[in-house]
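Take the sequence shown: its letters are residues 1 to 1043, numbered as in the numbering used here. The C-beta atom is built at its ideal place from N, Cα and C for all residues, glycine as well.
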Amino acid sequence: MTCSQDFCIIWKKVKETESEMASGAALSTAKSGKLEIKHSLSLLDVLFANQFEGESFPPELLHQTEENFYRGAPPKWLNFHISEQRESGDTRTPFIKRDGYDKLVETIHQRRKFPGISTVQLFHQPGCGGTTLAMKVLWDLRKTFRCAVLTGSTSDITKVAEEVVQLFTAGSRGNHKTVLLLVNDEKIMKELQDSIKMTITEQDTYVPGHMPVAILLNCVRKDVVLQSDHIVLQKDLSEEEKHKFDEKKKELSTRYSDGHKQFHGFNIMQTNFSQAYIQEACSDFKTAKKANRPQKTQLAAFLSLLNAYVPGSFLLESQCMDFFKHDDYSHGDFSLEDRMEPFSHLIITFQQDGRSEKKVCMAHPMIAQCCTELMATSGVTRSDTARNLLSRLRFDETPPFWVGFIKDMLTKRGTKPKDMKKEEDPIDGTEFEERYSRLILDIQKIESNKQSVSVLKVASKLFHQNPYFPQALARFYYIELKDYNEAEMWAKRAKQRDPQNSFVADTLGQVHKNHLKNKERPAKPREILQLASKAIEAFKDEERLAENEQGSEMKGDGSTKVSNVFNVRGQVGYVQVCNLVYDLLVSQNDTWREVLTKNVSLSSVLESLGDNKLSRFNDLINSLRGEIERKCTFFDKYLTYSKPHMKDDPAYISKDTSKCYRNFVGNSPSKDFKQKGADLIQKLKQNLADTSAGVLSCLDRECTESDLKEITTWWEEIFLQKDTVTALVNYILAHIMLRNMGAISPSDCKHLAAFKEKMPLIPNDSPELHMLALLLCWPTGSEAKCVLDLNELIRRMHRSYEVAYKIHFQSRYLRPLFFIGNGEDLKRIVHRKVLENLFLEQSEETKQDWSNNWSKEKIFQVPEVQARLVKVEGVVRNYRVFATIDDVVIEVDANRQKSLRRPRRVSFYLGFTIRGPVAFAIQNKTAAEDKTDCVAEESSGMNRSEPEQITPEDTTGGQQFVDLHQTDLINRVSDTGAILDKLEDGGWISEENYEALRSLNNTQDQMSGILQCLTSGGKNALYEILKRMRSMRPLIAELQGSE
């Protein structure tokens, strides 16, 4: 019997044991610590609080499980149990925790303070122990959280969310506990969070007030990992890690003798990812030949290629055995391990659970990469191996995960750091997406474009329903080969395979656009318009599909994957094509300028253009100006009101749309120019201020004071001529912008009373109108009570936003437009740009990452910004924030959801987005403020389960004590977590400082940071906190006695 067969018998026994144990397995609860499982969770691998407790296993199984892990198999829960048992017996060195362990655990504990669903991200390079680290953290926290790994299909996110909520509640009301879920797919995180929230709402799930529902630990593999605020694990050991691995090596060499030399998974890390070790381990592949390769060499090549380019991928053992089914073995049925000699030591066979089939992979991604390179050197190229892999395996019954592996290998585009030596804008992000998958790029670089195309064609033919292989082919043809006919054919084929996907449809438009862009000069007008016509139709179709993807008809279709990101590539592509048409045609004949802007008809100038057949493009040309106006208006709102969460929009969007608008619209009056007010509208178009969004972006576009004065005057004249609410609103907004620019003695806003007479507005009015109404009637301490129902006004604005903008902005950060500041009437309305300028004046950096500044609210730390704004009093309760004005409680949104983690009295700055009022820089009210203000508590209806407020009893002694004994406090105070909580509750440190200090690795650093952050009043508060902590009383007494 072979070693592999022997292990199968042992594994069968342990699965029977685990099956018997499952009926008694328990989830941890706040009360008893045990709760019987009543429902199966098919998508989650649940780690029970009492996993393996009281169970015994055959020594052979323990030995084999441990050996497989060190050879390179993915970790099992049993690995951690084995290590834990041996550590408790003090017979083995501890399980190695990489340096990110402590920070990861600390970060997870931090997230316990935040309600709802939060995320922790661990970025790691393939093969450096990232998954093992994440699973070790879950194992160690299994009694604190309900821990699980998402192992099932993510095609039905709703089902995943339901299982997470089920695990959170454990089937009954009194057994709630936060779920700690390990998720390996970065792309589903936002959708999963939203789905969990939706499930809680739909099921009316009870959530205890202080308890987060789930913490999602997202373990993200990246070939290149940049340093960031997240936990990062790389292929580089610290000196401490090297020592740990060296000690473990001594133990393994004693226990396994020479067998440990084939523990490649462990040894690669122990040698600090040594290329010399890997080359030696893979030396058997140096003799591989292209001709007459045996089956085992081909299979090893397939596994190497797959694992080199798709870490975490595998073949099923049954698929591997199919390679050998025609071989004539005279000694009976050999195992896969025997058949694969001399490569067996580089290959791992493992089974993750009793329900799944055995899987086969290379021992380490770096071994897979090395084997692939060695075989390529011997003449077995990557393209040969890829084509053979696609043709040899049986794909008639291809499991879904296999399609995913092949798709990732051939179409998944990786990211890499930008070359900062080039003229890149680092604010736009430090990474960019590669053009093709890593494998296709390597084939192109090492072999040829022809071989890249060949591999993609084989995949496209084999997976005849998958759109991504022909899409990749189309991109390769138009970008690399400039073969636009072939590119068009493959782009259309991709579209046929997924006709409702706007992102797939985009490729056809890009083919035509790039064909037009690269067409040999000079091109005939007919050829230009022919290509432009095809590109425009493709982009218009893409835009239609994008709208449908967000519509109700696409929701609930379980088979259709709908992106929550609104696709604007169709509109961008349309604008770019129009710019190309304008430049190409006007450069040949200036008459085209008049034709394209509809100042003269095409038919009237055909003779001068020299081609009567151009008349067939008459409808196209007549449609351009109106379509461009519509699309540029869309982008005006899109860029003014919203932005991506993590970075800025690409600069070319604003640049291209502004250029297109000026060419086709702004510089050329339309044929209805003689209509009443048309001349004023045209002037506004020339200044990109003919919409509310255009007016509101004047400061961002750095309009001059004289331009803004003219814009204000023109809108006033239009209002007087037409008496429309829109014109009145834009006049008032322009006047507000003029004041924010600091214009010298701007005239009074003459028609403000006319707008106030129209309030309250009806729900059908635009969000801009509702925002202005709220800005004008929001009361401050110096003004009379507002007679309007502010809560109803806000609800109406929310409904108006949902109709006008929600589907376009739902995945984006809504930019604050105005804030409530000091002063009265319009003087108190402060534009965002004013605050940004104040921040820039105090900053040493000339280039700012505004995404980070606004999302983390760094801008509000500047005293000049604080002085410009008014603080609004309020309360936080039930994970929501309310402004309190007299006896009225008004719900507003929160810029940072983390600020809502517990009920308390607060103050904040009030900003306004296009959706409504938002609380920024939410801070706890200090004890001194609470003494003079009980109105908020009475009006909010808050219960008194709030954190204790620390009021310094001694205004001088506390500060003196802290200053005198700083060194002892830093070195000897251990419970810094409780101290931080109390200081933040009292408002003595900001939320940002609280989070920063919490993230530090040890108590000494935390205490040192606390002392640096505190003012004199804060040090007095710290002294009072220390005196009240029982654990600190001996230290306080000792230090006081030494004075």
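Leaving out five residues on either side along the sequence, give the residues of the same chain with a beta carbon under 8 Å from the beta carbon of E357.
The residue given as residue 357 occupies position 357 in the sequence shown. L316, E317, S318, Q351, listed in sequence order.
If contacts are defined as beta-carbon pairs under 8 Å, then I1025 and I979 qualify, I think. What distance do you get, rounded to the angstrom?
Along the sequence shown, one-based indexing puts residue 1025 at 1025. Along the sequence shown, one-based indexing puts residue 979 at 979. Indeed they touch by this definition, with Cβ atoms about 6 Å apart.
CB Y574 to CB F539, shorter than 7 Å?
For this step, residue 574 is matched to residue 574 along the sequence shown. For this step, residue 539 is matched to residue 539 along the sequence shown. Yes, these two residues count as a Cβ contact at 7 Å.
Starting from the C-beta of R493, find all residues in its chain whose C-beta is less than 7 Å away, skip the five residues before and the five after it, and write them out in chain order.
Here residue 493 refers to the residue found at position 493 when the sequence shown is read from its first residue. If we look at R493 and ignore the five residues flanking it on each side, its Cβ neighbours are P470.
Start and end of the beta strand (DSSP E) containing D284?
Reading the sequence shown from its first residue, position 284 is the one you call residue 284. Premise fails: D284 is in no beta strand (DSSP E) and is neither H nor E.
Going by the CB atoms, is the gap between I762 and I829 shorter than 7 Å?
As a working note, residue 829 is residue 829 in the sequence shown. As a working note, residue 762 is residue 762 in the sequence shown. Against a cut-off of 7 Å, the Cβ pair of I762 and I829 comes out as no contact.
Buried or exposed: where does A753 fall if 16 or more other Cβ atoms within 10 Å of its Cβ makes it buried?
One-based indexing of the sequence shown puts residue 753 at position 753. Only exposed fits A753, as fewer than 16 other CB atoms lie within 10 angstroms of its CB.
What first and last residue would you give for the beta strand (DSSP E) that runs through C219?
Counting from 1 along the sequence shown, the entry for residue 219 is found at position 219. Its beta strand (DSSP E) spans residues 212 to 221.
Between the stretch 649 to 657 and the stretch 826 to 841, can you find at least three pairs of beta-carbon atoms closer than 8 Å?
no
How long is the line joining the alpha carbons of F961 and Y1023, rounded to whole angstroms?
Stepping through the sequence shown from its first residue, residue 961 is reached at position 961. Stepping through the sequence shown from its first residue, residue 1023 is reached at position 1023. C-alpha separation (whole angstroms): 8 Å.
Please classify F432: does DSSP put it in a helix, a strand, or coil?
As a working note, residue 432 is residue 432 in the sequence shown. In this structure, F432 counts as strand in the three-state DSSP scheme.
CA-to-CA distance, H243 to D963, given in whole angstroms:
Looking up residue 963 in the sequence shown gives position 963. Looking up residue 243 in the sequence shown gives position 243. Rounded to whole angstroms, D963 to H243 spans 39 Å at the Cα level.
Are there three or more Cβ pairs, one per stretch, closer than 8 Å when the stretch 106 to 115 is compared with the stretch 331 to 349?
no
Against chain C, with Cβ distances strictly below 7 Å, would K286 count as a contact?
Protein chains in the displayed structure number just one, and chain C is not present.
DSSP three-state assignment for H965, whether helix, strand or coil
Translated into positions along the sequence shown, residue 965 becomes position 965. Here H965 sits in coil by DSSP.
On the DSSP letters alone, give me the boundaries of the alpha helix (DSSP H) that N924 sits inside.
Counting from one through the sequence shown, the residue named residue 924 turns up at place 924. Run containing N924: none in the alpha helix (DSSP H); it sits in the beta strand (DSSP E), 917 to 924.
Are the CB atoms of E162 and L1075 within a distance shorter than 7 Å?
No information on residue 1075 is available, as it lies outside the stretch 1 to 1043 that the chain covers here.
Take T1015 and list the residues in its own chain whose beta-carbon comes closer than 8 Å to its own, dropping the five residues that flank it on each side.
Reading the sequence shown from its first residue, position 1015 is the one you call residue 1015. Excluding sequence neighbours, T1015 sits near W988.
Got a sec? Which residues, its chain only, sit under 7 Å from I1036 by beta carbon, not counting five neighbours each side?
Position 1036 of the sequence shown, counted from the start, is the residue given in the question as residue 1036. Only L1026, K1027 meet the Cβ criterion.
Exposure of E938, with buried meaning 16 or more beta-carbon neighbours within 10 Å:
Within the sequence shown, the letter at position 938 stands for residue 938. Because E938 carries a pLDDT of 40, less than 50, the predicted location of this residue cannot be relied on, and the following value inherits that uncertainty. So E938 ends up on the exposed side.
Under 7 Å, do R799 and H770 count as touching if we go by C-beta distance?
One-based indexing of the sequence shown puts residue 799 at position 799. One-based indexing of the sequence shown puts residue 770 at position 770. No. Outside cutoff.
Look at the Cβ atom of V918, then the Cβ atom of D887, and state whether they are nearer than 7 Å.
As a first step, residue 918 is located in the sequence shown; it is residue number 918 there, counting from the start. As a first step, residue 887 is located in the sequence shown; it is residue number 887 there, counting from the start. Not a contact, by the Cβ cut-off of 7 Å.
Should F819 go down as buried or exposed, given a rule of 16 or more other Cβ atoms within 10 Å for buried?
Against the sequence shown, residue 819 aligns to sequence position 819. It counts as buried.
Report yes or no: do the stretch 122 to 142 and the stretch 214 to 221 share at least 3 C-beta pairs separated by less than 8 Å?
The answer is yes - the stretch 214 to 221 touches the stretch 122 to 142, with three or more Cβ pairs under 8 Å.
By the three-class DSSP mapping on this structure, what secondary structure does H464 have?
Translated into the one-based positions of the sequence shown, residue 464 becomes position 464. Note: H464 maps to coil in three-state DSSP.
Which two residues bound the contiguous alpha helix (DSSP H) that contains I885?
Translated into the one-based positions of the sequence shown, residue 885 becomes position 885. Here I885 belongs to no alpha helix (DSSP H); instead the beta strand (DSSP E) covers 880 to 885.
Tell me D45's beta-bridge partners as DSSP assigns them.
The residue you call residue 45 lines up with position 45 of the sequence shown. Note: D45 sits in a beta bridge opposite V149.
Starting from V577, follow the alpha helix (DSSP H) in both directions and report where the run begins and ends.
In the sequence shown, the residue the question calls residue 577 occupies position 577. Residues 569 to 586.
Return helix, strand or coil for Q352, following the three-state DSSP convention.
Within the sequence shown, residue 352 is the residue found at index 352, counting from 1. It is coil, neither helix nor strand.
Closest by C-alpha distance to E55, when choosing among I82, A73, N68:
Here the question's residue 55 lines up with position 55 in the sequence shown. Measuring from the Cα of E55, the nearest candidate turns out to be I82.
Quick check: the Cα distance between M189 and L738, rounded to an integer number of angstroms?
Indexing the sequence shown from 1 puts residue 189 at position 189. Indexing the sequence shown from 1 puts residue 738 at position 738. Each residue's alpha carbon lies about 43 Å from the other.
Span separating the alpha-carbon of L104 from that of L122
For the purposes of this step, residue 104 is identified with residue 104 of the sequence shown, where counting begins at 1. For the purposes of this step, residue 122 is identified with residue 122 of the sequence shown, where counting begins at 1. Taking the straight line joining both Cα atoms gives about 8 Å.
Check K113 in the structure and name its three-state DSSP category.
On the sequence shown, position 113 is the one that residue 113 refers to. Residue state, collapsed to three classes: coil.
Give the C-beta separation of S692 and E768 to the nearest angstrom, bearing in mind that I take them to be a contact with Cβ-Cβ under 8 Å.
Start at 1 with the first residue of the sequence shown, and residue 692 comes out as number 692. Start at 1 with the first residue of the sequence shown, and residue 768 comes out as number 768. Between E768 and S692 the Cβ distance is about 4 Å, and since that is below 8 Å, they are a contact.
Three or more beta-carbon pairs under 8 Å between the stretch 281 to 288 and the stretch 249 to 260, yes or no?
no
Top-ranked residue by Cα proximity to L817, from S608, S437, G916, P342
Numbered from 1 along the sequence shown, position 817 holds the residue referred to as residue 817. Comparing Cα positions, the closest option is G916.
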